[in-house]
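Participant: Read left to right, the sequence shown gives residues 102 to 184 (my numbering).
Backbone N, C-alpha and C define an ideal beta-carbon position, used for all residues, glycine too.
Given the structure is predicted, the values throughout are model-derived calculations rather than measurements.
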Amino acid sequence: MVSHEYKVVPFRGQIKTGLFSSEGPSVASKQLEGVIHQFVGEGWEFMEVSHIHILTEPGCIAGLFGQRATTIVYDQVIFRRPR
């Protein structure tokens with residue numbers, strides 16, 4: 102019997118870079134904190150941030166020109182709560 106239900110939320114932090122930007126990893130950390138606080142406030146328990154690897158196949162035209170499959174890594178924030 103499953104005693105918990107789970108929620109997996111994609112996360113992609115965004116920072117501005119450039120000559121006049123002072124944003125760094127702490128900005129992305131604050132964004133992640135915001136996602137965690139949002140779902141904890143809805144009754145979910147934060148478990149972890151995990152990575153998933155997605156294999157993307159080229160379309161027909163790209164395949165004709167020799168493009169190969171690529172892998173993209175996404176961060177996922179995992180929550181759970183009792184049923």
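(1) DSSP on I155, reduced to helix/strand/coil?
(2) Who pairs with K108 in a beta bridge, going by DSSP?
(3) Using 10 angstroms around the beta-carbon of V174, count the other beta-carbons present and answer buried if the total reaches 16, otherwise exposed.
(4) State the beta-bridge partners of F147 as determined by DSSP.
(5) Looking at C-alpha atoms only, which residue of V178, I179, T118, L156 is the closest neighbour of R169?
(6) If I measure Cβ to Cβ from H146 and keep anything under 8 angstroms in the same chain, skipping five residues before and after, which residues do I get?
(7) When the distance is taken between beta carbons, is V150 closer than 8 angstroms to F112?
Facilitator: With the structure as the only source:
(1) Collapsing the DSSP output to three states places I155 in a strand.
(2) F180
(3) exposed
(4) Beta-bridge pairing links F147 to F180.
(5) L156
(6) It is Glu, not His, that sits at residue 146 in the sequence shown. F180, R181, R182.
(7) yes
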